[in-house]
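Contents: one structure, followed by commentary.
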Ligand code: GDP
Ligand code: GDP
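Numbering (the working numbering), first residue to last: 2 to 439.
Here you go:
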């Protein structure tokens, strides 16, 4: 059962990411020193009063404000309206009610989505300031004063949000059931794949009501294991709507990636790789998901003995940032190699959850540093004291060193490659964290 989605919208600098960070607390701190992760962290699993939901900062999804603030905010609001189950609109006490706020509040209210207004930067405790009451003019009944920096009011905010969410279908997660997101451009064959799978295997649950609209969840049990497939209707353009804003269901796709363990990145064999494919794949990679590249429509490719090898080499280049991902050539139409696809999904999922004992890691480290000496700078040499695996999904390794600055990217890459060479970890990204010590 997919978790409900709560989206945060609001003007730049009102404090959306500060509130997001406060609400998501600990989880964010863990990824803080993974380069490129924190900045783009726009989704987070939250738990409040025993209920789980997915929190999204739409300011991170829609970062382009070049064409004007109002347009920017309307796009954010549209994403939230399309995809979220409850919207948190953020404004700031200090700036008062702005024309953009009025426009967006109107748009949100007309959509019929539940909306809660967080008036941020109410930093002093005690009686609410009088200016707070101005915000009732926006027509949003529920106003919660908060301070993202200090954390005041964030509990009330979560209470208000939760009151709008439906948890009646909440089920305990089944750790044996692998959530798989099928992602890719429109028309590559995502729905065909899921339909084909349904035709071959007995369908157990199809989620119709629920919170999902753009994505459909399908549970499948077969000899390869238990799976739940999300066919993301895709990063599909849905035509123009209110105010000429183009509607994308990006959020659902990204949310499907977020809650998956394995991403099947589907491309069309007759078209090959495109920029958009690397964008989608890049997101799965950053989120640390196990990945399989599925080349679909293999049935209609003119092939000889070399075609597959040639294409494999080309794709390895195109997807060089995720060279760990296995490539499977399939046909959703004929069912060709779907057994291989299931085997691969299962395999990469196991790899993503691998835990390597510290002893084995440090034996590897001793061999690796003996073979290629750690770099030095101005007479000072990098010392790698030890490595330990701090978490799984994705496998995350912490190296303890004498000086971070000495642990150059190229040597980190070397150690990462040594880890892969020694322990495999096929099909999954891995993360390397560095800590200074002594
Ligand atoms: P966003 O663009 O909406 O994500 O805004 P940010 O979260 O980046 O915050 C913008 C600025 O407002 C930053 O300098 C924050 O430190 C500041 N800020 C955020 N929340 C509060 C708050 O509760 N009180 C005060 N005084 N400043 C805040
Ligand atoms: P989606 O937008 O990614 O969900 O793509 P669809 O599943 O709707 O498929 C788009 C088109 O490609 C449809 O006309 C399908 O019949 C066709 N298609 C999908 N998979 C295959 C395949 O394996 N072989 C062939 N020949 N056509 C396919």
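By construction, the Cβ of each residue, glycine as well, lies at the ideal position given by its N, Cα and C atoms. The structure displayed is predicted, hence computed values, not measured ones.
Problem - Backbone secondary structure at residue 432 - three-state DSSP - result: One-based indexing of the chain shown puts residue 432 at position 431. The answer is strand: DSSP assigns residue 432 an E or B state.
Handout entry: residue 291 beta carbon less than 7 Å from that of residue 329
Key = To locate residue 329, count along the chain shown from 1; it is residue 328. To locate residue 291, count along the chain shown from 1; it is residue 290. In this structure, residue 291 does not lie closer than 7 Å to residue 329 by Cβ.
Problem - Euclidean distance between Cα positions of residue 387 and residue 368 - result: Stepping through the chain shown from its first residue, residue 387 is reached at position 386. Stepping through the chain shown from its first residue, residue 368 is reached at position 367. One C-alpha to the other measures close to 12 Å.
Practice task
Note down the Cα distance separating residue 78 from residue 85, rounded to an integer number of angstroms.
Solution key: Translated into the one-based positions of the chain shown, residue 78 becomes position 77. Translated into the one-based positions of the chain shown, residue 85 becomes position 84. Their backbone Cα atoms lie some 10 Å apart in a straight line.
Exercise for the section: Report yes if the C-beta distance between residue 431 and residue 375 is below 7 Å; otherwise report no. Expected result: Sequence index remark: in the chain shown, residue 431 carries index 430 (1-based). Sequence index remark: in the chain shown, residue 375 carries index 374 (1-based). In this structure, residue 375 does not lie closer than 7 Å to residue 431 by Cβ.
Problem - Option nearest residue 420 by Cα separation, candidates 278, 438, 399 - result: As a working mapping, residue 420 is identified with position 419 in the chain shown. Out of 278, 438, 399, 399 has the C-alpha closest to the C-alpha of residue 420.
Handout entry: Cβ contact check for the region 50-60 and the region 5-21: 3 or more pairs under 8 Å
Key = yes
Practice task
Any chance you could list the residues with Cβ under 6 Å from a heavy atom of ligand 1, keeping chain order?
Solution key: 11, 13, 14, 15, 16, 17, 18, 19, 60, 121, 122, 124, 148, 149, 150
Problem - Within 7 Å, strictly: CB atoms of residue 102 and residue 92 - result: Position 101 of the chain shown, counting from 1, holds the residue named residue 102. Position 91 of the chain shown, counting from 1, holds the residue named residue 92. Yes, the pair counts as a contact, with Cβ atoms nearer than the cut-off.
Handout entry: residue 409, buried or exposed, once every other Cβ within 10 Å from all chains shown has been counted against 16
Key = Counting from one through the chain shown, the residue named residue 409 turns up at place 408. Under this definition residue 409 is an exposed residue.
Practice task
Starting from the N-terminal side, write out each stretch of the alpha helix (DSSP H) that is 4 residues or longer and does not extend beyond the region 93-117.
Solution key: 100-112
Handout entry: With 16 other Cβ atoms within 10 Å as the buried cut-off, status of residue 286
Key = Within the chain shown, numbered from 1, the residue matching residue 286 stands at position 285. Buried, because 16 or more other Cβ atoms sit within 10 Å of the Cβ of residue 286.
Exercise for the section: Compute every distance between the C-beta of residue 273 and the non-hydrogen atoms of ligand 2, then say whether any falls below 6 Å. Expected result: Within the chain shown, residue 273 is the residue found at index 272, counting from 1. It does not: the Cβ of residue 273 is nowhere closer than 6 Å to a heavy atom of ligand 2.
Practice task
Might you give, ordered along the chain, the residues of its own chain that have their beta carbon closer than 7 Å to the beta carbon of residue 385, omitting 5 neighbours on each side?
Solution key: Taking the first residue of the chain shown as 1, we reach residue 385 at position 384. Closer than 7 Å at the Cβ level, and outside the excluded window around residue 385, lie 366, 370, 375, 400, 402.
Practice task
Excluding the 5 residues preceding and the 5 following residue 81 in the sequence, name in chain order all residues of the same chain whose CB lies nearer than 6 Å to its CB.
Solution key: Numbered from its first residue, the chain shown carries residue 81 at position 80. Within the same chain, residue 81 has close Cβ partners 8, 10, 59, 88.
Practice task
Round the Cβ separation of residue 146 and residue 181 to the nearest angstrom and send it over; I've been treating them as touching at under 8 Å.
Solution key: Here residue 146 corresponds to residue number 145 of the chain shown, with the count starting at 1. Here residue 181 corresponds to residue number 180 of the chain shown, with the count starting at 1. Wrong, their Cβ atoms sit about 42 Å apart, outside the cutoff.
Exercise for the section: Using the Cα positions of residue 149 and residue 158, report the straight-line distance between them to the nearest angstrom. Expected result: Taking the first residue of the chain shown as 1, we reach residue 149 at position 148. Taking the first residue of the chain shown as 1, we reach residue 158 at position 157. Cα to Cα, the separation comes out at about 11 Å.
Practice task
Check whether the Cβ of residue 336 sits closer than 6 Å to any heavy atom of ligand 2, and report yes or no.
Solution key: Start at 1 with the first residue of the chain shown, and residue 336 comes out as number 335. No - ligand 2 has no heavy atom lying nearer than 6 Å to the Cβ of residue 336.
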